[in-house]
């Protein structure tokens, strides 16, 4: 709370963009990391049977924040100016975080018998390395719509970027709640891969949208739902691979990939946009997102180091296998139906 508040307050005083990067990026970035990871770890530690559902509800607040925050911030800037807006946001966010901290309680100690993995052990674990690289690539693509949608619409002679970002936030809430709820029925790993596939594929709509606002809205809806699902399922996937003990430390190390991706993705995309235009740049973004998929599958299929528990990782994860399983279940149900003796009238 203190880091976010100080970062926003200092950002309201800067006179050049580089100091803005330092104050806002450093203060708010550190504050968000210090708040988000412990929150996820605490929720994950309190729940075992319904962990995925609980985490989905917890991270749904991020989507609501995106839904409310983007238009609210634009209203504040237009009404009071950006300096006063930073001050208002600093006071509001710090106050809310302080209030939330009073409801946080340390989760009970897990009785799995597994020690918390050290950073050294994680760096020697192939599953962690593959998952880290997958998250880095996907994160470098994930934040592009939030950064460039407004500018894209202006380049097409339109407006309403803040509203579209609000749509992403709203639909991400649906994704977080829905996918977190049905994960146990479909399979956590399969659903996680499905979210990545849909998220990566959604950029196709942005490529072909041109000046069509309708297609852009459809893109933000699909992207938002899949993005929300990916966010909601990531902590559960991490707990599945490495266990619930020390989940906060594992997530803290793993989520540096999202920070790096968010740091390098938007600036590099901006350079490509300036030189080659939006269609080419978005195509590159989509390719990078798809490149995260084989790395994710590799992480989920990799064997745990000797002596480490795998926490019941499913054997197959491909989307075609999911469709095949659905077909097989349907065929079995039909066969069982035909095998039943007919009742005479």
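In my numbering, the protein residues as written are 62 to 406.
Glycine included, C-beta positions come from ideal geometry on N, C-alpha and C.
Item, Value
"Per DSSP, what kind of secondary structure is residue 327 in: helix, strand or coil?", "helix"
"In the DSSP assignment, find the alpha helix (DSSP H) that holds residue 75 and state where it starts and stops.", "Premise fails: residue 75 is in no alpha helix (DSSP H) and is neither H nor E."
"Measuring alpha carbon to alpha carbon, tell me which residue in 334, 327, 260 is nearest residue 45.", "For the chain, the structure presents residues 62 to 406; residue 45 sits outside this window and is missing."
"Does residue 84 come out as helix, strand or coil in the three-state DSSP assignment?", "helix"
"What separation, rounded to the nearest whole angstrom, lies between the Cα atoms of residue 346 and residue 234?", "23 Å"
"What is the DSSP secondary structure of residue 246, reduced to helix, strand or coil?", "helix"
"Taking the C-alpha atoms as reference points, what is the distance between residue 284 and residue 131?", "17 Å"
"Going by DSSP, what residue range makes up the alpha helix (DSSP H) through residue 295?", "274–303"
"Does the Cβ of residue 226 have 16 or more other Cβ atoms within 10 Å, making it buried, or fewer, making it exposed?", "buried"
"Between residue 290 and residue 251, is the Cβ-Cβ spacing less than 8 Å?", "no"
"Does DSSP put residue 355 in a helix, in a strand, or in coil?", "helix"
"Return yes when the Cβ of residue 205 is within less than 8 Å of the Cβ of residue 90, no when it is not.", "no"
"Whole angstroms is fine: what's the gap from residue 282's alpha carbon to residue 229's?", "6 Å"
"Between which two residues does the alpha helix (DSSP H) containing residue 151 stretch?", "143–162"
"When we look at the beta-carbon of residue 212 and count the other beta-carbons within 10 Å, is it buried (16 or more) or exposed?", "exposed"
"In terms of residue numbering, what span does the alpha helix (DSSP H) encompassing residue 311 cover?", "308–315"
"Kindly indicate which residue of 163, 201, 286, 337 has the alpha-carbon position closest to the one of residue 125.", "286"
"Measure the CB-CB distance between residue 272 and residue 218 and report whether it falls below 8 Å.", "yes"
"Roughly how many angstroms separate the alpha carbons of residue 76 and residue 144, rounded to a whole number?", "10 Å"
"May I ask you to verify whether the segment 326–335 touches the segment 177–192, counting CB pairs closer than 8 Å and requiring at least 3?", "no"
"How many Å lie between residue 350 and residue 220 at the Cα?", "26 Å"
"Which of the three DSSP states, helix, strand or coil, is assigned to residue 178?", "coil"
"Which term fits residue 65, buried or exposed, when burial requires 16 or more other beta carbons within 10 angstroms of its beta carbon?", "buried"
"Just verifying my parser: in three-state terms, what is the DSSP assignment at residue 186?", "coil"
"Can you have a look at residue 408 and say buried or exposed, based on whether 16 or more other CB atoms are within 10 angstroms of its CB?", "The first residue shown for the chain is 62 and the last is 406, placing residue 408 beyond what the model contains."
"Counting beta carbon pairs with one atom in the segment 150–164 and one in the segment 65–74, are three or more of them shorter than 8 Å?", "yes"
"Using a threshold of 8 Å, state whether the C-beta atoms of residue 203 and residue 339 are closer than that.", "no"
"Thinking just about the alpha-carbon of each residue, which of 193, 179, 100, 159 is nearest to the one in residue 167?", "100"
"Among the candidates 78, 312, 80, 88, whose CA atom is the shortest distance from the CA of residue 68?", "88"
"Candidates 320, 354, 305, 321: which alpha carbon is nearest residue 104's?", "305"
"Less than 8 Å between the CB atoms is what I'm expecting for residue 198 and residue 356, so what's the real figure, rounded?", "7 Å"
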